[in-house]
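*Asks:*
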Amino acid sequence: MSSPLDKISADTRIGTMNKQATLSARIKHARVAAGLSVRSAAEGAGVSAAAWYQWEDGAQPMATRLPDIARTLLVSLEHLVGSP
Numbered sequence: 004m005s006s007p008l009d010k011i012s013a014d015t016r017i018g019t020m021n022k023q024a025t026l027s028a029r030i031k032h033a034r035v036a037a038g039l040s041v042r043s044a045a046e047g048a049g050v051s052a053a054a055w056y057q058w059e060d061g062a063q064p065m066a067t068r069l070p071d072i073a074r075t076l077l078v079s080l081e082h083l084v085g086s087p
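Quick note: the sequence shown uses the numbering used here, first residue 4, plus one each step.
Quick look at the structure:
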């Protein structure tokens, strides 16, 4: 049986994250809020877990990867990159 929370996107569940947060912090925060392990998030985005760990540690993903990351984390691309 599904919970009403299942229908709420991670965007809503994570609330208002500090707008000054880095991309790496937003990636990690959204992954945790979505309840994903690094391995499952990486698999969803089509990258290695090592690459995902690097992104959460401050490395910048290629811009072409951002839509895949956002989709995997159930957040908007705007939220991921910190746009208002």
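C-beta atoms are modelled at their ideal positions from N, C-alpha and C, and glycine is treated no differently. The structure displayed is predicted, hence computed values, not measured ones.
(1) With the cut-off set at 8 Å, would you say Ala52 and Arg68 are in Cβ contact?
(2) With distances taken between CB atoms, is the gap from Thr75 to Ala44 smaller than 8 Å?
(3) Note down the Cα distance separating Ile72 from Gly38, rounded to an integer number of angstroms.
(4) If you count every other CB in all the chains shown that lies within 10 Å of the CB of Thr15, and 16 or more means buried, which is it?
(5) Output yes or no for whether 8 Å exceeds the beta carbon distance between Leu77 and Arg29.
*Replies:* In terms of the structure at hand:
(1) no
(2) Ala44 is positioned such that its CB atom lies closer than 8 Å to that of Thr75.
(3) 14 Å
(4) In this predicted model, Thr15 has a pLDDT of only 45, less than 50, meaning its place in the structure is not dependable; the value taken from the coordinates is given anyway. Thr15 should be labelled exposed.
(5) no
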